[in-house]
Amino acid sequence: MRLDRRTEQKLVQSGLWFFTALTIFILIFIIFFILKNGLPVLSFKFFFTNPREMGRTGGIFSTIVGTAALVVMAILIATPFGLGTAIYLTEYTRENVVTRIIRFGAECLAGIPSIIFGLFGFILFVTKLKFGWSILSGGLTLAFMVLPTIIRTSEEAIKAVPWAYREVSYSLGSTRWQTVTRVVLPSALPGIVTGVILSIGRSIGETAAVIFTAGSALRLPTSIYSSSRTMSVHFYILAREGISMPHAYGTAAVLILAILVINLLTYFLMSRFMRKYC
Amino acid sequence: MTSLERKESLIRITLLLVAFSAVSVLVMITFFIFGEGTPIMLRYGLKKFLFNLDWFPTQGSYGLLPMIVGSILVTSGALMIGVPFGLAGAVFLTEFSSKKMRRIIKPVIELLAGIPSVVYGFMGVVVLVPFIRETFGGPGLSVLAASIILGIMILPTIISISIDSLEAVPPSYREGSIALGATRWQTTRMVMFPAARSGILASIILGMGRAIGETMAVIMIAGNAIAIPRTPLEPVRTLTSNIALEMAYASGEHREALFATGVILFLIIMVLNTAANLTSRKRGR
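The listed protein sequences correspond, in order, to chains A and B.
Quick note on numbering: my numbering labels position 152 of the first sequence as 152, and the sequence is numbered without any gaps.
Each number in my numbering comes from the position in the second sequence (counting from 1) with 1000 added on.
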């Protein structure tokens, strides 16, 4: 028996609506669950004291500092390379074999699992270059990992700058580099910042690549050669080894809040400055 | 050559070098992972390494088969959940919802991609695993638990890439079909899906890559037992968890064997990447 196509249409529509609603429900459930159990743990003391007794008591201050140090280092290294790549691809060349190789490389890099980055960072930075488990090793590894994100978003942002801007700039006698730095980049800035913020989010949430490169020391890091535990790694160890469930929930709540802020920020930037998105 | 011209050509060369950074990172990763991992594979025998059932690193026995099967099972499970949900979401957002609704739902789904994998794993441990244990029996830490969590984790990948490819179909296709009297669903099924097929396929392949490569969430919920499970309720160990669980204390030949596990994982991912790249390029032509 075949259904009447109008009935079929109604059935499918409610089915699709159900699937989508369930997806959204899952997301809301995760956020609500973590915040409900984690927010009561948060306090001034939780943020600003170092973990004690492996994290059973005290707060998460040193892991916040560790996370910040790693993220700053990763962004500082990845942004110039990512942005430079995007500028070259969009402003300095046409589509040819070279750009295809570069794009394929970036795409492959984006698909490589973080555990592979962890193995690579461990063998190159920790062992071969003798940086040890350190913020330096972890930051470099994360920089490599977020590089494709920065390339892709910067490229899109630069491509969204209208051609007329460049034409006007060239007609005034500017060189290519002057056009790039004074006309193209300022207009593409919000999109580039969006990519950087997305990369910050990815770095904050990363565990597998960081645990083998930055280590898991609980002390407050003193230099880029100190080993440091990030919030994600701390959360993982607290939860997996059953050290303290309240503190695990608290750390997870901080992570979720950070991710929420980052996503709101990118959404705001994208809908404000990139018309394509709306 | 004026100094301005010299500066310009210097900048061009610098940018070209910078542009090769991603490719060089890829080459370096390949070089170091293979450099550490391949010697033991050759020494021990590739066939034994891939098809042996015993993994006892302390006794010099390195059979990866249970982990390879584990990764395949967990990834297939994730696709069984992620693909229908993902495609439903993508079709709903492109064909069945208003623009306003899409503006609210799309960022929400992107948020799903931002949640750290350890948080997914944790949710699995505190919510899903006890639920499975009480409802279906068994240890709870299982293929089923890992499949469900991974299925959710690959949703954003499948949804956003499928949306892109559905949106890339020329509007005239849809308009033509509607004008002929087809319903929205008929249009989706008979016109939009075939037209966006390669992009949708690419989204599934990339989702598959994400599921195979996921580590932390899987470690927390899959149970990690080294055995081929007979039912979805039994625990399993994947290639990624094998590396992450033992890296902390492995040394010597054992560590090399873990890098060899990385080589296998890397090869699988590169094959999937290339496949996704080729399928989506076909659409461009």
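For every residue, glycine included, the Cβ atom is placed at its ideal position computed from N, Cα and C.
Please read these numbers as outputs of a predicted model, since none were measured by experiment.
According to DSSP, which residues form a beta bridge with S1061(B)? The count along the second sequence starts at 1 and reaches residue 1061(B) at position 61. The partner list for S1061(B) (beta bridge, DSSP) reads F1056(B).
Quick one: does the C-beta of W177(A) sit closer than 6 Å to a heavy atom of the ligand NAP? Among the components modelled here there is no ligand, and therefore nothing to report on the ligand NAP.
Is the Cβ-Cβ distance between G1151(B) and I1081(B) less than 7 Å? In the second sequence, the residue the question calls residue 1151(B) occupies position 151. In the second sequence, the residue the question calls residue 1081(B) occupies position 81. Result yes, Cβ atoms of G1151(B) and I1081(B) sit closer than 7 Å.
Use the C-beta contact count for T1231(B): other C-beta atoms within 10 angstroms, 16 or more gives buried, fewer gives exposed. Taking the first residue of the second sequence as position 1, residue 1231(B) is located at position 231. When all chains shown are included, T1231(B) counts as exposed.
Residue range of the alpha helix (DSSP H) that P1194(B) falls in? Position 194 of the second sequence, counted from the start, is the residue given in the question as residue 1194(B). Counting along the chain, the alpha helix (DSSP H) containing P1194(B) begins and ends at F1193 to G1213.
Beta-carbon neighbours of L1026(B), restricted to chain A and to distances below 7 Å: If you number the second sequence from 1, residue 1026(B) lands on position 26. Per Cβ cutoff of 7 Å: G105, C108 and L109.
Could you give the distance in angstroms between the alpha-carbon of L1180(B) and the alpha-carbon of R1102(B)? Position 180 of the second sequence holds residue 1180(B). Position 102 of the second sequence holds residue 1102(B). Taking the straight line joining both Cα atoms gives about 26 Å.
How is G242(A) classed by DSSP in three states: helix, strand or coil? Locating residue 242(A) in the first sequence gives position 242, counting from the first residue. Here G242(A) sits in coil by DSSP.
Residue-chain proximity (R1285(B), chain A), Cβ-Cβ < 7 Å: Taking the first residue of the second sequence as position 1, residue 1285(B) is located at position 285. Note that R1285(B) scores a pLDDT of 38, beneath 50, so its modelled location is shaky; the value from the coordinates is reported in the next line. No, no contact with chain A.
From this set, L1144(B), L1201(B), S1147(B) and R1189(B), which residue's C-alpha is nearest S1165(B)'s C-alpha? Numbered from 1 along the second sequence, position 165 holds the residue referred to as residue 1165(B). Of L1144(B), L1201(B), S1147(B) and R1189(B), the residue nearest in Cα terms is L1201(B).
Any idea which residues DSSP pairs R52(A) with across the strands? On the first sequence, position 52 is the one that residue 52(A) refers to. Answer by DSSP bridge pairing, in chain order: T57(A).
Please confirm whether Y284(A) has its beta-carbon closer than 7 Å to some beta-carbon of chain B. Chain A is shown only over 1 to 278; residue 284(A) falls outside these bounds and no answer can be derived.
Helix, strand or coil: which one does DSSP assign to V1025(B)? Sequence index remark: in the second sequence, residue 1025(B) carries index 25 (1-based). Looking at V1025(B) - three-state DSSP - the assignment turns out to be helix.
First through last residue of the alpha helix (DSSP H) which encompasses R182(A): Locating residue 182(A) in the first sequence gives position 182, where the first residue counts as 1. Per DSSP, R182(A) belongs to no alpha helix (DSSP H) and is neither H nor E.
Going by the DSSP bridge assignment, what does G1223(B) pair with across the sheet? Here residue 1223(B) corresponds to residue number 223 of the second sequence, with the count starting at 1. Bridge partners of G1223(B): V1236(B).
Per DSSP, what kind of secondary structure is A160(A) in: helix, strand or coil? Locating residue 160(A) in the first sequence gives position 160, counting from the first residue. Reduced to three states, the DSSP call for A160(A) is coil.
Let me know the alpha helix (DSSP H) ranges lying completely inside the segment 100 to 171 of chain A, each 4 residues or longer, listed in chain order. 114 to 121, 135 to 159 and 163 to 171
List the endpoints of the continuous alpha helix (DSSP H) containing E1008(B). Within the second sequence, numbered from 1, the residue matching residue 1008(B) stands at position 8. Counting along the chain, the alpha helix (DSSP H) containing E1008(B) begins and ends at S1003 to A1019.
At a CB distance below 9 Å, what residues from the segment 1004 to 1023 of chain B approach chain A? Give them in sequence order. L1004, E1005, K1007, E1008, I1011, R1012, T1014, L1015, L1016, L1017, V1018, A1019, F1020, S1021, A1022 and V1023
Candidates V1091(B), I1040(B), V1118(B) and L1073(B): closest to R1197(B) by CA position: If you number the second sequence from 1, residue 1197(B) lands on position 197. Measuring from the Cα of R1197(B), the nearest candidate turns out to be V1091(B).
Does DSSP put A188(A) in a helix, in a strand, or in coil? For the purposes of this step, residue 188(A) is identified with residue 188 of the first sequence, where counting begins at 1. Helix at A188(A).
Take W17(A) as the anchor and find which of F1096(B), I1013(B), S1021(B) and T1274(B) has the nearest alpha-carbon. To locate residue 17(A), count along the first sequence from 1; it is residue 17. The residue with the shortest Cα to Cα distance from W17(A) is F1096(B).
Assuming T175(A) and L1016(B) make a contact with CB atoms under 8 Å, what is their CB distance in whole Å? Reading the first sequence from its first residue, position 175 is the one you call residue 175(A). Reading the second sequence from its first residue, position 16 is the one you call residue 1016(B). About 17 Å separates the two Cβ atoms, so there is no contact after all.
For W163(A), count the other beta carbons within 10 Å of its own beta carbon; 16 or more makes it buried, fewer makes it exposed. Which is it? Residue 163(A) sits at position 163 when you count from the first residue of the first sequence. Flag for W163(A) reads exposed.
According to DSSP, is L1245(B) helix, strand or coil? Taking the second sequence and counting its residues from 1, the one referred to as residue 1245(B) is at position 245. Note: L1245(B) maps to helix in three-state DSSP.
Using beta carbons (cut-off 7 Å, strictly below), is M1153(B) in contact with chain A? The count along the second sequence starts at 1 and reaches residue 1153(B) at position 153. Taking Cβ atoms only, chain A never reaches closer than 7 Å to M1153(B), which makes this a no.
Pick out whichever of P1170(B), L1155(B), A1217(B) and G1037(B) has its Cα sitting closest to the Cα of P1194(B). Your numbering for residue 1194(B) matches position 194 in the second sequence. Residue P1170(B) is the option with its Cα nearest to P1194(B).
Cα-Cα separation between A1276(B) and R103(A), rounded to whole angstroms: Position 276 of the second sequence, counted from the start, is the residue given in the question as residue 1276(B). Position 103 of the first sequence, counted from the start, is the residue given in the question as residue 103(A). Answer to the nearest angstrom: the Cα atoms are 13 Å apart.
Interface residues of the segment 1221 to 1243 of chain B facing chain A [CB-CB below 7 Å]: T1240 and I1243
What does the Cβ neighbour count give for M1192(B), buried or exposed, with the cut at 16 atoms within 10 Å? Within the second sequence, the letter at position 192 stands for residue 1192(B). Burial call: buried.
Ordered list of alpha helix (DSSP H) runs contained in the segment 13 to 92 of chain A, each at least 4 residues: 44 to 48 and 61 to 87
For P1229(B), I'd like the list of residues in its chain whose CB is within less than 6 Å of its CB, leaving aside the five on either flank, ordered along the chain. In the second sequence, residue 1229(B) corresponds to position 229, counting from 1. Result list for P1229(B): V1143 and V1236, in chain order.
Quick one, which of S271(A), P148(A), L264(A) and G242(A) has its alpha-carbon nearest E53(A)'s? The residue you call residue 53(A) lines up with position 53 of the first sequence. The candidate whose alpha carbon is nearest that of E53(A) is G242(A).
Member of A1078(B), I1013(B), S1061(B) and Y1249(B) whose CA lies at the smallest distance from the CA of G1209(B): Counting from one through the second sequence, the residue named residue 1209(B) turns up at place 209. Taking only the C-alpha atoms, the option nearest G1209(B) is A1078(B).
Are the CB atoms of L70(A) and T181(A) within a distance shorter than 7 Å? For the purposes of this step, residue 181(A) is taken as the residue at position 181 of the first sequence. For the purposes of this step, residue 70(A) is taken as the residue at position 70 of the first sequence. No, they are not a contact pair.
Look up A281(A) in the DSSP assignment and say whether it is helix, strand or coil. No statement about residue 281(A) is possible, as the shown extent of chain A runs from 1 to 278 and does not include it.
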